[in-house]
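These notes are about the structure you will find just below.
Number of protein chains: 2
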Amino acid sequence: MTVAVLVNGHRPSDLAQALPVNDRGFQYGDGVFETMRFERGTVRFLDAHLQRLREGCERLGIPVPDSATLRAEIATVTANLHSAVLKIIVSRGSGARGYRPSGEPVPTRVVAAYSAPENDTQRMLRLRWCETRLGRNERLAGIKHLNRLEQVLAQAEWNDPAIDEGLMMDTEGELVCATSSNVFIFRDGALLTPDLRYAGVRGVMRGQVLRIAKQLGMAVREEPLWPHDLDSAEEVFLTNAVRGIRAVGSLEAKQWTRRVVSDQLRAALGV
Amino acid sequence: MTVAVLVNGHRPSDLAQALPVNDRGFQYGDGVFETMRFERGTVRFLDAHLQRLREGCERLGIPVPDSATLRAEIATVTANLHSAVLKIIVSRGSGARGYRPSGEPVPTRVVAAYSAPENDTQRMLRLRWCETRLGRNERLAGIKHLNRLEQVLAQAEWNDPAIDEGLMMDTEGELVCATSSNVFIFRDGALLTPDLRYAGVRGVMRGQVLRIAKQLGMAVREEPLWPHDLDSAEEVFLTNAVRGIRAVGSLEAKQWTRRVVSDQLRAALGV
Numbered sequence: 001m002t003v004a005v006l007v008n009g010h011r012p013s014d015l016a017q018a019l020p021v022n023d024r025g026f027q028y029g030d031g032v033f034e035t036m037r038f039e040r041g042t043v044r045f046l047d048a049h050l051q052r053l054r055e056g057c058e059r060l061g062i063p064v065p066d067s068a069t070l071r072a073e074i075a076t077v078t079a080n081l082h083s084a085v086l087k088i089i090v091s092r093g094s095g096a097r098g099y100r101p102s103g104e105p106v107p108t109r110v111v112a113a114y115s116a117p118e119n120d121t122q123r124m125l126r127l128r129w130c131e132t133r134l135g136r137n138e139r140l141a142g143i144k145h146l147n148r149l150e151q152v153l154a155q156a157e158w159n160d161p162a163i164d165e166g167l168m169m170d171t172e173g174e175l176v177c178a179t180s181s182n183v184f185i186f187r188d189g190a191l192l193t194p195d196l197r198y199a200g201v202r203g204v205m206r207g208q209v210l211r212i213a214k215q216l217g218m219a220v221r222e223e224p225l226w227p228h229d230l231d232s233a234e235e236v237f238l239t240n241a242v243r244g245i246r247a248v249g250s251l252e253a254k255q256w257t258r259r260v261v262s263d264q265l266r267a268a269l270g271v
Numbered sequence: 272m273t274v275a276v277l278v279n280g281h282r283p284s285d286l287a288q289a290l291p292v293n294d295r296g297f298q299y300g301d302g303v304f305e306t307m308r309f310e311r312g313t314v315r316f317l318d319a320h321l322q323r324l325r326e327g328c329e330r331l332g333i334p335v336p337d338s339a340t341l342r343a344e345i346a347t348v349t350a351n352l353h354s355a356v357l358k359i360i361v362s363r364g365s366g367a368r369g370y371r372p373s374g375e376p377v378p379t380r381v382v383a384a385y386s387a388p389e390n391d392t393q394r395m396l397r398l399r400w401c402e403t404r405l406g407r408n409e410r411l412a413g414i415k416h417l418n419r420l421e422q423v424l425a426q427a428e429w430n431d432p433a434i435d436e437g438l439m440m441d442t443e444g445e446l447v448c449a450t451s452s453n454v455f456i457f458r459d460g461a462l463l464t465p466d467l468r469y470a471g472v473r474g475v476m477r478g479q480v481l482r483i484a485k486q487l488g489m490a491v492r493e494e495p496l497w498p499h500d501l502d503s504a505e506e507v508f509l510t511n512a513v514r515g516i517r518a519v520g521s522l523e524a525k526q527w528t529r530r531v532v533s534d535q536l537r538a539a540l541g542v
């Protein structure tokens with residue numbers, strides 16, 4: 001549920017009539033976004049989220065919104081809230097008809113607070129495979145841009161509420177991520193995660209896990225992974241800014257009970 | 272320039288505040304669009320455009336807007352106009368946070384008229400190659416969906432107004448299209464165009480050209496094409512709903528002067 005929204009710093013009088021009809025976010029998915037967890041007065045890993053937002057804007061040639069402005073707007077939408085999911089969207093703003101961006105775009109900036117979902121970190125996740133594949137494009141890989149039809153179609157593949165997430169391959173069959181999470185495998189003493197050179201989003205929680213795992217002295221590798229790598233995994237977990245680190249209990253017929261590494265990382269990060 | 276707009280059948284009092292903040296078109300590029308030419312009281316190939324819009328909605332699981340409603344809204348926005356570019360956008364509508372589409376989406380429908388650009392069909396086009404590649408995804412290939420960052424980045428590659436269009440390859444190096452046109456090659460008596468099985472949009476004008484060329488008894492093939500196929504092309508032309516059929520005069524250092532086939536097709540289609 002939407003709790004509070006600012007569009008370019010202003011509270012829309014009507015959420016149903018809030019965005020420009022010629023906004024390039026709507027016309028072409030021309031923008032980036034961030035999804036964050038707000039808890040006990042702070043946004044988890046806010047600096048890292050603002051950094052990725054900045055990188056995404058730079059990759060797309062969209063002017064980077066001022067960080068102080070974004071922080072002030074986050075404070076406004078979270079005022080008096082205990083917990084929330086925060087979302088920032090930055091599009092290239094209104095434009096003339098046609099794909100070509102104008103030379104001096106004025107971005108549209110949306111900062112919104114949504115009610116936070118339940119998150120029982122003790123329950124192990126049930127996964128399935130998605131049939132929808134991710135196209136490969138190095139030019140767009142890694143950033144959290146607004147072209148998300150592949151993820152939408154992937155999540156539309158199942159309705160069973162007992163399934164928590166779906167794993168996705170790219171069009172060549174490489175393991176990339178889950179529909180809205182990154183994936184980690186622990187095997188032979190090493191922590192592995194897809195390198196995302198062709199597809200997928202470099203999640204902020206993924207970055208924190210890589211950082212803390214190295215600090216803890218674990219062997220960590222970002223590398224191409226394939227579905228068969230899951231067969232030999234001793235432990236599997238997903239990461240996501242909202243749900244944190246969640247151990248995986250099953251992927252279709254395959255089952256895991258081990259959650260030593262994900263518990264250790266969760267404790268170390270305090271998420 | 273925007274001339275007239277209807278959002279779900281209503282004229283917004285303020286174009287800068289017209290769309291829902293939670294619209295999935297804005298959040299994820301979750302929708303489809305059509306761009307058409309309106310001239311002398313009619314929309315060129317309207318039936319074919321509405322058919323492709325329908326197919327796109329069906330592929331994405333978005334309820335198909337009623338054709339009679341769309342036709343009535345087109346009549347409203349084009350009232351008293353001599354010529355215009357028409358655009359229809361259909362998104363999955365407002366939704367809760369998260370990629371998963373709701374079971375009963377209420378699409379957002381935008382019908383807009385823009386001023387028509389100059390279109391000198393006698394001038395041959397100057398093309399360049401784009402560095403931005405198109406990702407391959409059969410699940411999305413062919414339809415005119417709202418995930419258009421690749422085209423945006425491709426058009427952002429050049430500013431020289433003397434360059435009319437940029438050709439695009441997919442990530443494997445196959446020739447797919449230009450940034451907002453389909454491409455045809457005439458060689459050894461045959462008319463060839465990329466089959467678009469992995470990427471690109473099946474343009475309505477492309478479909479009309481294929482249809483009329485077959486009627487005229489030409490040998491026509493949709494097949495994989497590569498940049499080297501342009502080297503041996505006797506004639507090259509682009510198609511697009513707004514600009515119709517346009518002969519290509521040059522691609523970087525390569526030049527063509529022949530335009531027999533494109534002139535014949537333009538005359539046969541009356542575009």
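Chains as they are written, first to last, in the working numbering: chain A, 1 to 271; chain B, 272 to 542.
Ideal Cβ placement from N, Cα and C applies to all residues, glycine included.
- Among the residues of the segment 72 to 105 of chain A, those with a Cβ less than 9 angstroms away from any Cβ of chain B are V85, K87, I89, S91, R92, S94, A96, R97, G98, Y99, R100, P101, G103, in the order of the chain.
- Inter-residue distance for G166/A and G327/B is about 24 angstroms (C-alpha atoms, whole angstroms).
- The C-beta of A449/B comes no closer than 7 angstroms to any C-beta of chain A.
- Among the residues facing chain A, G296/B is included, as its CB has a counterpart in that chain under 7 angstroms away.
- Spanning the alpha carbons of R202/A and A4/A requires a straight line of approximately 27 angstroms.
- For the pair R394/B and Q51/A, the Cα-to-Cα distance works out to about 47 angstroms.
- Burial check for A339/B: the Cβ neighbour count within 10 Å stays below 16, so the residue is exposed.
- For N418/B, a Cβ of chain A is located within less than 7 angstroms of the residue's own Cβ.
- At a cut-off of 3 residues, not a single continuous stretch assigned as beta strand (DSSP E) sits fully inside the segment 310 to 355 of chain B.
- Rounded to whole angstroms, the separation of the alpha carbons of L424/B and A154/A is 25 angstroms.
- Measuring C-alpha to C-alpha distances from Q215/A to each of V32/A, A48/A, Q264/A, R128/A identifies Q264/A as the nearest.
- Beta-bridge analysis with DSSP links S362/B to G302/B, T379/B.
- The residue from F45/A, V64/A, A116/A with its alpha-carbon nearest to that of L53/A is V64/A.
- In the three-state reduction of the DSSP assignment, Q122/A falls in the coil class.
- With distances taken between CA atoms, H49/A lies nearest to R71/A out of E172/A, R71/A, G29/A, L60/A.
- Contact between G296/B and I360/B holds: CB atoms are separated by about 7 angstroms, below the 8 angstroms threshold.
- R308/B and L238/A have their C-alpha atoms spaced approximately 48 angstroms apart.
- Residues of chain A whose Cβ lies closer than 7 angstroms to the Cβ of T442/B are, in chain order, R136, N137.
- At least 7 angstroms separates the CB of A4/A from every CB of chain B.
- Fully enclosed alpha helix (DSSP H) runs of no fewer than 4 residues occupy 204 to 215, 227 to 231, 260 to 269 of the segment 190 to 271 of chain A, in order along the chain.
- Taking C-alpha positions only, A367/B is separated from K87/A by approximately 12 angstroms.
- Between the beta-carbon of G244/A and that of V271/A there is about 4 angstroms, and that keeps the pair under the 8 angstroms contact cut.
- Its chain contains no residue whose beta carbon lies nearer than 6 angstroms to that of Q255/A once the 5 sequence neighbours on both sides are disregarded.
- Annotation: the continuous alpha helix (DSSP H) that includes L424/B extends over 420 to 426.
- For the segment 386 to 404 of chain B, the set of residues with a beta-carbon nearer than 7 angstroms to any beta-carbon of chain A comprises T403, R404, in chain order.
- Only buried fits V7/A, as 16 or more other CB atoms lie within 10 angstroms of its CB.
- If you draw a straight line from the Cα of S386/B to the Cα of V21/A, it comes to about 16 angstroms.
- Here the C-alpha atom of R187/A lies approximately 14 angstroms from the C-alpha atom of A213/A.
- In this structure, S91/A places its C-beta atom within 7 angstroms of the C-beta atom of G31/A.
- Of the candidates G471/B, M439/B, G369/B, the residue whose Cα lies closest to the Cα of E402/B is M439/B.
- The beta carbon of A268/A sits closer than 7 angstroms to those of I212, L216, all from its chain and outside the five residues before and after it, given in chain order.
- The beta-carbon separation of A199/A and D229/A, rounded to 16 angstroms, does not stay under the 8 angstroms limit for a contact.
- E165/A: member of the beta strand (DSSP E) spanning 165 to 169, first to last residue.
- A residue is called buried when at least 16 other Cβ atoms come within 10 angstroms of its Cβ; T528/B does not meet this threshold and is exposed.
- Interface annotation, P495/B: not in contact with chain A, CB-CB separation never under 7 angstroms.
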